Each structure stands twice: as C-alpha cells, then as structure tokens.
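J.:
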Amino acid sequence: MENLIDTVMNIWIFAFIGLMIWLYCREESDTEEKETSRQPDEV
Amino acid sequence: MFRNPLLVTALCLTVAVSIWGLMDAQALAEFAARTVSVILRSRGWFIMLTASAMLIISIWLALSRFGDIKLGQPEDEPEFSTFSGMAMMFAAGMGVGLLFYGAAEPISHFLFIQDQGNLPVHRAAPTALFLTYFHWGLHAWAIYGLTALVIAYFTFRRQAPPLVSSPVIIVFGDKPWTRTVGWLMDLLAIYAIAIGLAGSIALGVFQVEDGVASLFHIEKSGMGLGLAIFVVLCLAYILPLMVDLSKGMATLSNTAILIAISLMVFVLLVGPTHLFMQNIVEGFGEYITNVLPHGFRTYTFFDESVGQWFSAWTLNYMLWWLAWAPFVGVFIARISKGRTIREFILGVLLAPTMFSIFWFGIFGGMGFYQGAANQLDPMVVQTDINRTTFLLLETMPLSKLTIAATVLAAFLFIVTSVVSAAYVLAMFSTGGDQDPPVKVKLTWGVILGALGLVMILSGSADAVRQIIALSANPFVFIVLFLVMCLLKALKMERKR
Numbered sequence: 000m001e002n003l004i005d006t007v008m009n010i011w012i013f014a015f016i017g018l019m020i021w022l023y024c025r026e027e028s029d030t031e032e033k034e035t036s037r038q039p040d041e042v
Numbered sequence: 000m001f002r003n004p005l006l007v008t009a010l011c012l013t014v015a016v017s018i019w020g021l022m023d024a025q026a027l028a029e030f031a032a033r034t035v036s037v038i039l040r041s042r043g044w045f046i047m048l049t050a051s052a053m054l055i056i057s058i059w060l061a062l063s064r065f066g067d068i069k070l071g072q073p074e075d076e077p078e079f080s081t082f083s084g085m086a087m088m089f090a091a092g093m094g095v096g097l098l099f100y101g102a103a104e105p106i107s108h109f110l111f112i113q114d115q116g117n118l119p120v121h122r123a124a125p126t127a128l129f130l131t132y133f134h135w136g137l138h139a140w141a142i143y144g145l146t147a148l149v150i151a152y153f154t155f156r157r158q159a160p161p162l163v164s165s166p167v168i169i170v171f172g173d174k175p176w177t178r179t180v181g182w183l184m185d186l187l188a189i190y191a192i193a194i195g196l197a198g199s200i201a202l203g204v205f206q207v208e209d210g211v212a213s214l215f216h217i218e219k220s221g222m223g224l225g226l227a228i229f230v231v232l233c234l235a236y237i238l239p240l241m242v243d244l245s246k247g248m249a250t251l252s253n254t255a256i257l258i259a260i261s262l263m264v265f266v267l268l269v270g271p272t273h274l275f276m277q278n279i280v281e282g283f284g285e286y287i288t289n290v291l292p293h294g295f296r297t298y299t300f301f302d303e304s305v306g307q308w309f310s311a312w313t314l315n316y317m318l319w320w321l322a323w324a325p326f327v328g329v330f331i332a333r334i335s336k337g338r339t340i341r342e343f344i345l346g347v348l349l350a351p352t353m354f355s356i357f358w359f360g361i362f363g364g365m366g367f368y369q370g371a372a373n374q375l376d377p378m379v380v381q382t383d384i385n386r387t388t389f390l391l392l393e394t395m396p397l398s399k400l401t402i403a404a405t406v407l408a409a410f411l412f413i414v415t416s417v418v419s420a421a422y423v424l425a426m427f428s429t430g431g432d433q434d435p436p437v438k439v440k441l442t443w444g445v446i447l448g449a450l451g452l453v454m455i456l457s458g459s460a461d462a463v464r465q466i467i468a469l470s471a472n473p474f475v476f477i478v479l480f481l482v483m484c485l486l487k488a489l490k491m492e493r494k495r
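Pasting the structure below:
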C-alpha cells in the first residue's frame, strides 16, 4: 500500500512537470494576451 | 459579502479546520503529522528541486537582460525607502521565527550531529550553523522573492489585480479553464496564508508566554498564561483592522526590526565579539561554498534518523516558506514598484540572507559559547525549546531589559503580521480590491484568531509546524505554475 501511494504521488509530479513544459512551449495567440493586459511601451 | 463564492468557500474551509482543532486539537495535529510524513517521504526530492530551481531561476533572471525590465511604468518611482521596505519584508517574512529559533536551531542541529557521532565539536558547530543558514538563507528568499516578482510583474507592469490567479489569466487568456484554475489557486493561497499565519501567532504566543514567565518568575502551569496573552494579542490587532494604518504598520514593523537589531548588536558587543565574528566569517565561507550543492541534497543513503531530521527541519522549512510566499510576496511586491528586476532580486536575496547570517552567527554562537561554559544547558532545545532565547539572555547582563525587549519585539511582529495578513486575505477574497471592506478584514481577523487558538491548543511548536506543512503542500505546485507564467510572459514580451 505504501508503495502504491508513493507511486501515485510521484506520477502526479511527473504529470505536473510535463504539463508545465507543455504550457510553456505552447504558442498562445497574441491577440488574446493583448486583450487581457496592458503593457508599458518601454522596456 | 456572502455573495462572493471564493470568500464563502475559503471561510468554510478555514472555519472547518478551526472547529476540528477546537474540538480535538491533538487529533488534528496527529492527522497532520501522519499525512505530512507520507507527503515528505514521497515528494521530498521534488520540494528540494523546487527550492533550488527557484534560486537558480532568480539568479538567472537577475543576470540576464530581463534584469533591466522595470517593475512598473517608466515614470514609476519606489514607494518606500529601502530600509522601510526591508524592515516590512523581514517583519512579514521571518519576524517571530528569528526570535524563536535564533539560538535554539543551531543548538538543536549541533546536538543531532553530536548524537550521530559523525563529526568532532570543531566541525559539528560550523555544520550546525551552515544548516541553519541554509534554512533561513538564499533558498527561503528565492521562494519569497520569485513569488513576489510574479505578483509585482503582473500587477505593476501588466496592470492586473494583485491576485495569485492573475498571471494565469493574463498569460493564457480569460477562458473557462484559466478561470477555474485561477479560482482554485486563489482559494488555496487564502487557505495556506490563514494556516501559516495562525502558526506564526501560536509560535509568537509561545515565545511571549515564556518571556513573561521569565520576567515575572511565573511558574507555567496549563495554558492559562498563553491564553491570557492570546486575548491581549486579539485586542491589540482588532483596532488597527478597523482603520487604515498602512503607514502605522510600517512604523510598527520598523520598531520591531530596530529592537531586534539592537538585541543582536547588544549580544555581539557584550558577548565574546571576536568569537562571533570568527563564527560569522567561517560560516559565511562555508555557506557560499556549499549552498548550491546542498540545495540538491536529499540524504538518500543515510539511516532513518537522518531522514526524519531532514523531514522535520529542511523539508518543513521549505514548505513553510512556500506557504508564506503569497502573503510575503504581496508585501515584497509593494516595495518593488519602480525598481528593475535585477535590483529587486539582488535586494531580496542578498540583504536578508546577510542579516540571517549575522543573526544566527551571533545568537547561535552565543548558545555554543554559553553551552561550552556550562552557563546554558543545550538540552533545553529538546525539553523546552520556547525558552532557549530567554535562558540565553539570562546568562548576560541587563537580562530583564533584553527579555522585555524580546517580548515586545515578538508581540509587535505578531500584531503587524496578523493585521497585514488580514488585509491580504481580505484583498485576495474580494477579487483584488486594494481597499477591502472593514467587515471582511475583521472577519479574517477573527478567523485568524480562531485558527491561532487551535494551534496554541495543539500545545507544541512541532505540531504547529506539521499543520502548516500540510496546508502548504499544494503551494509547491502553485508557485511553480506562477513562475512558469512569468517566464512565458517574459518570453512573449521579448518577442514583441
């Protein structure tokens, strides 16, 4: 039982890391982002 | 007020924990300890990896060209002076913990290392200090700083409300899934802040209780004194919640920090100064040499007792910093307005870490020194850890004054923390309203008090830490999600 819980908890972590990498690499449509935010002109 | 589903759900969740704890505090503490032990065993590696990743990403952001980005509009100037900003940051982030663990933690690690029989005294003492520096140093401030940077970037540069959910909605657009995830993140942030703050109230009350007992030679029996201090504390923070005291709060936290600095300078000058300075220099060298590799250390092939120590201290601390990250993050974000990412990160990482090195080097060094001189029984950290600071101060001149100053600083730290937390919780639970209604702030003040009482009834600092660790666990994921949003937003900004 302990091993099962351990495995499930770690699978959750692997899935989370995978999700983060996928979300980071995914192309977002630029218009959507512009609609939800304003940004100063100068960096 | 009760038409806001986020506020109602958060209140229900925290009230449920309060009721459980008030009915059976011991059962709650045991449940927290059991669950946390399972979580830390399975996810210890991930928590250490997260803390190290936060530090490495912070350093990279400061050194990269993203470091030139200003947190705010081009014309924005910093709102607080550097000292005031640092004092608020330190008071919110560590405050009572420093007073509580200043001497107790290094001594506790020292005894553990001695028990293990691995190192001679001349190696055990610097190692104990290094471990303390590690818990209170760069990794802690990277967790706080990077979370604060996310909030500051999206609040001041993207004009979003100062909420944990804002980065997700800004980066991925206003969609059903981002609203749901954002709502859950806000809820968990509120819950983690409430539990973490309640833990801080309990630690503060334990500290003040022992200080008052030492000052007036009162024998502690039962919880009467602790509960009396708790009532005074509740009365002290209710009034500031009813009026706008943002500047007053800065004054209170400045006072608390000045008292703490005065105490540190007093111990440095009255104690064996050369020994402290040797201790600090040696500890600093050891810290900068080993801090990054140690962040990846998980004690894999050590025996069970080392694993338990690792969970009880290192992993608990990292979870504690994560639990506090949204609360402290909002405060640090406020002082970041008008500064560049580089200035902000370097300030948040270096200044508090140096202060911690001095603080623990002096108080820990004094603990070792008095222990070696048989003036202080080091075993006090195992029998009554709350009293360590006061027993140490009793071995020095003007002990009445220094103990009274410690009690006052602890009290001020708790009051400022509770008032600040009630404000942040009210802001989070009203969709980012920067001037939340008084009744919402008061409701959170009462809930924080009830949760604090639960923690006090649990009876020990260890139980408090377990309950905090349990509530903080989801925040490992939330903080990483926020950091990913920041990196993605910076990538998109560069593309344009």
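Protein chains in written order, with numbering that gives the first Met the number 0: chain U, 0 to 42; chain R, 0 to 495.
No residue lacks a Cβ here, since even glycine has one placed at the ideal position from N, Cα and C.
If you're wondering where the values come from, they're calculated on a predicted model, not measured in any experiment.
Please go through the stretch 36-116 of chain R and give each complete alpha helix (DSSP H) segment of 4 or more residues, from N-terminal end onward.
T.: Fully enclosed alpha helix (DSSP H) runs of 4 or longer: 81-92, 94-100 and 103-115.
J.: Hey, how far is the Cα of methionine 96(R) from the Cα of glycine 71(R)?
T.: Here residue 96(R) is taken as the residue at index 97 of the second sequence, counted from 1. Here residue 71(R) is taken as the residue at index 72 of the second sequence, counted from 1. Checking the sequence, you will find glycine at residue 96(R) rather than methionine. So the two alpha carbons sit approximately 32 Å from each other.
J.: So, helix, strand or coil for threonine 146(R), using DSSP?
T.: Looking up residue 146(R) in the second sequence gives position 147. Helix, per DSSP.
J.: Given that isoleucine 12(U) touches chain R, what residues does it touch there, using C-beta distances under 7 Å?
T.: Here residue 12(U) corresponds to residue number 13 of the first sequence, with the count starting at 1. Within 7 Å Cβ-Cβ: Arg42 and Phe45.
J.: Tell me, please, whether the stretch 443-459 of chain R touches the stretch 288-303 of chain R by the rule of three or more beta-carbon pairs shorter than 8 Å.
T.: Counting Cβ pairs under 8 Å, fewer than three are found: no touch.
J.: Measuring CB to CB, does alanine 255(R) end up less than 7 Å from alanine 408(R)?
T.: Indexing the second sequence from 1 puts residue 255(R) at position 256. Indexing the second sequence from 1 puts residue 408(R) at position 409. In contact: alanine 255(R) and alanine 408(R) (Cβ atoms closer than 7 Å).
J.: Quick one: complete alpha helix (DSSP H) runs, 4+ long, within the stretch 421-446 of chain R?
T.: Complete alpha helix (DSSP H) runs here, min 4: none at all.
J.: Would you say methionine 0(U) lies against chain R (beta-carbon separation less than 7 Å)?
T.: By one-based count along the first sequence, residue 0(U) stands at place 1. Not an interface residue.
J.: Output yes if chain U places a C-beta closer than 7 Å to the C-beta of phenylalanine 476(R); else output no.
T.: Within the second sequence, the letter at position 477 stands for residue 476(R). Yes, its Cβ sits closer than 7 Å to a Cβ of chain U.
J.: Quick check: is the beta carbon of methionine 365(R) nearer than 7 Å to any beta carbon in chain U?
T.: For this step, residue 365(R) is matched to residue 366 along the second sequence. Chain U contact via Cβ: absent.
J.: What separation, rounded to the nearest whole angstrom, lies between the Cα atoms of aspartate 383(R) and leucine 390(R)?
T.: Taking the second sequence and counting its residues from 1, one reaches residue 383(R) at position 384. Taking the second sequence and counting its residues from 1, one reaches residue 390(R) at position 391. Taking the straight line from one Cα to the other gives about 10 Å.
J.: Using the three-state DSSP reduction, which class does threonine 313(R) fall into: helix, strand or coil?
T.: On the second sequence, residue 313(R) is found 314 positions in, with the first residue counted as 1. Threonine 313(R) falls in the helix class under three-state DSSP.
J.: From the DSSP output, which residues share a beta bridge with threonine 339(R)?
T.: To locate residue 339(R), count along the second sequence from 1; it is residue 340. Lys69(R), per the DSSP bridge assignment.
J.: Would you check if there are 3 or more beta carbon pairs closer than 8 Å linking the stretch 335-344 of chain R to the stretch 60-77 of chain R?
T.: Flag = yes, the stretch 335-344 of chain R and the stretch 60-77 of chain R touch.
J.: Does any residue of chain U have a CB that is nearer than 7 Å to the CB of methionine 184(R)?
T.: One-based indexing of the second sequence puts residue 184(R) at position 185. Taking Cβ atoms only, chain U never reaches closer than 7 Å to methionine 184(R), which makes this a no.
J.: Quick test of your reading: glycine 282(R) and isoleucine 356(R), contact by CB under 8 Å. State the CB separation rounded to the nearest angstrom.
T.: Along the second sequence, one-based indexing puts residue 282(R) at 283. Along the second sequence, one-based indexing puts residue 356(R) at 357. Right, the Cβ-Cβ distance comes to about 6 Å (below 8 Å), so this counts as a contact.
J.: Using CA atoms only, rank isn't needed, just tell me which of Met88(R), Ala425(R) and Gly431(R) is closest to glycine 181(R).
T.: By one-based count along the second sequence, residue 181(R) stands at place 182. Cα-wise, what sits closest to glycine 181(R) is Gly431(R).
J.: Taking CB distances under 7 Å as the criterion, tell me whether alanine 53(R) reaches chain U.
T.: Position 54 of the second sequence, counting from 1, holds the residue named residue 53(R). Checking the displayed sequence, the identity of residue 53(R) turns out to be methionine instead of alanine. Not an interface residue.
J.: Assuming isoleucine 20(U) and valine 37(R) form a contact by the criterion Cβ under 8 Å, report the distance between their Cβ atoms to the nearest whole angstrom.
T.: Here the question's residue 20(U) lines up with position 21 in the first sequence. Here the question's residue 37(R) lines up with position 38 in the second sequence. Actually they do not touch by this definition, with Cβ atoms about 27 Å apart.
J.: Using a C-beta cutoff of 7 Å, does methionine 483(R) count as contacting chain U?
T.: Residue mapping note: residue 483(R) aligns to position 484 of the second sequence, counting from 1. Methionine 483(R) counts as touching chain U.
J.: Compare the C-beta of lysine 336(R) against all C-beta atoms of chain U and say whether one is closer than 7 Å.
T.: Taking the first residue of the second sequence as position 1, residue 336(R) is located at position 337. By this cut-off, lysine 336(R) is not an interface position.
J.: Could you tell me the alpha carbon to alpha carbon distance between threonine 272(R) and glycine 366(R), rounded to whole angstroms?
T.: Along the second sequence, read from residue 1 onward, the residue named residue 272(R) stands at position 273. Along the second sequence, read from residue 1 onward, the residue named residue 366(R) stands at position 367. The straight-line gap from Cα to Cα measures roughly 13 Å.
J.: Counting only Cβ pairs nearer than 8 Å, list the residues of chain U close to valine 480(R).
T.: As a position in the second sequence, residue 480(R) is number 481, starting the count at 1. According to the sequence displayed, residue 480(R) carries phenylalanine and not valine. The answer, in chain order, is Met19.
J.: Straight-line CA distance for phenylalanine 275(R) to threonine 401(R)?
T.: Here the question's residue 275(R) lines up with position 276 in the second sequence. Here the question's residue 401(R) lines up with position 402 in the second sequence. In a straight line, the C-alpha of phenylalanine 275(R) is about 19 Å away from that of threonine 401(R).
J.: Thinking alanine 468(R) and valine 35(R) are a contact (beta carbons under 8 Å), I'd like their distance in whole angstroms, please.
T.: Within the second sequence, residue 468(R) is the residue found at index 469, counting from 1. Within the second sequence, residue 35(R) is the residue found at index 36, counting from 1. Indeed, because the Cβ distance is near 5 Å, the residues count as touching under 8 Å.
J.: What separation, rounded to the nearest whole angstrom, lies between the Cα atoms of isoleucine 533(R) and leucine 110(R)?
T.: One cannot answer for residue 533(R) here, as it falls past the ends of chain R, which runs 0 to 495.
J.: Count the other CB atoms within 10 Å of the CB of histidine 134(R); is the residue buried (16 or more) or exposed (fewer)?
T.: Within the second sequence, numbered from 1, the residue matching residue 134(R) stands at position 135. Buried.
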